[in-house]
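A.B. asks:
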Amino acid sequence: MVVFPYGEANFCKVIFQQQASLRGSLVWFLKWRRLGHRQLKVCGQVIDTMKTNAIFLLDLGYPLFISEWGVDQKGTNENDHRYLNCFLGWAAEHDLDWALWSLVGSYYYREGVVGMEEFCGILNWNSHETRNSSFLKKISPLQSPFQAPFSA
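Using numbering that gives the first Met the number 0, the letters of the sequence shown correspond one by one to residues 0 to 151.
#1: Output needed for Ser133: all residues of its chain with C-beta closer than 8 Å, excluding positions within five of it in sequence on either side, in chain order.
#2: Taking the beta carbon of Phe145 as the centre, do at least 16 other beta carbons fall within 10 Å, making it buried, or is it exposed?
#3: Compute the distance between the beta-carbons of Ala98 and Pro140, then report whether it is under 9 Å.
#4: Please return the same chain residues whose Cβ sits closer than 6 Å to the Cβ of Glu116, not counting the five positions on each side in sequence.
#5: Among the candidates Ser66, Ile54 and Asp71, whose CA atom is the shortest distance from the CA of Cys119?
#6: Pick out whichever of Glu67, Cys42 and Lys50 has its Cα sitting closest to the Cα of Asn84.
#7: Just to confirm, are Leu29 and Phe64 a CB contact at a threshold of 9 Å?
#8: Nearest to Asp96 by CA position, among Ser66, Met49, Thr51 and Tyr61, is which residue?
#9: What separation, rounded to the nearest whole angstrom, lies between the Cα atoms of His80 and Arg109?
#10: Give the single residue among Trp89, Glu77, Asn76 and Leu57 whose Cα lies nearest to the Cα of Gln44.
#11: Using 8 Å for Cβ pairs, my map puts Leu56 next to Trp27. What's the rounded Cβ distance?
#12: Just the Cα atoms here: how many angstroms apart are Ser126 and Trp68?
This is the structure:
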């Protein structure tokens, strides 16, 4: 198992090229977080960058698990809307396994702050309700497989 650090997708390419022993890994993990607040990249640019640095593993027959992805659940960030649409289309096409960042709506203590709110969390601050029900509807198609096992 190999984990690619956030923001270091190119790291995966370097590891793969230099470490033949890691090629026998059962699964490769990739954290694919949202675009930065100031990044206005179009979907094609984002996908091309990820293909070059990590997604090539799928073409080589290696399983790839998206271990963290998510967007600001307030629904007000235009870059997050772009990223979400881009990611959902790509994830549906490749029928990958994935995990969201994050379920929780707040932390007891994080970065020196007591009760810090997690706006990327599915749940609201007190974890009693969902923060954004339209987001859950949007991702629901990804929760069922699109392909039969071993059909790729």
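Glycine included, every Cβ here is placed at the ideal spot set by N, Cα and C.
Remember, it's a predicted structure, so these values are computed and weren't measured experimentally.
C.D. replies: Quick answer:
#1: Gly74
#2: exposed
#3: no
#4: Ser105 and Trp124
#5: The residue from Ser66, Ile54 and Asp71 with its alpha-carbon nearest to that of Cys119 is Asp71.
#6: The option with the nearest alpha carbon to Asn84 is Cys42.
#7: yes
#8: Ser66
#9: 26 Å
#10: The shortest Cα separation from Gln44 among Trp89, Glu77, Asn76 and Leu57 belongs to Trp89.
#11: 5 Å
#12: 19 Å
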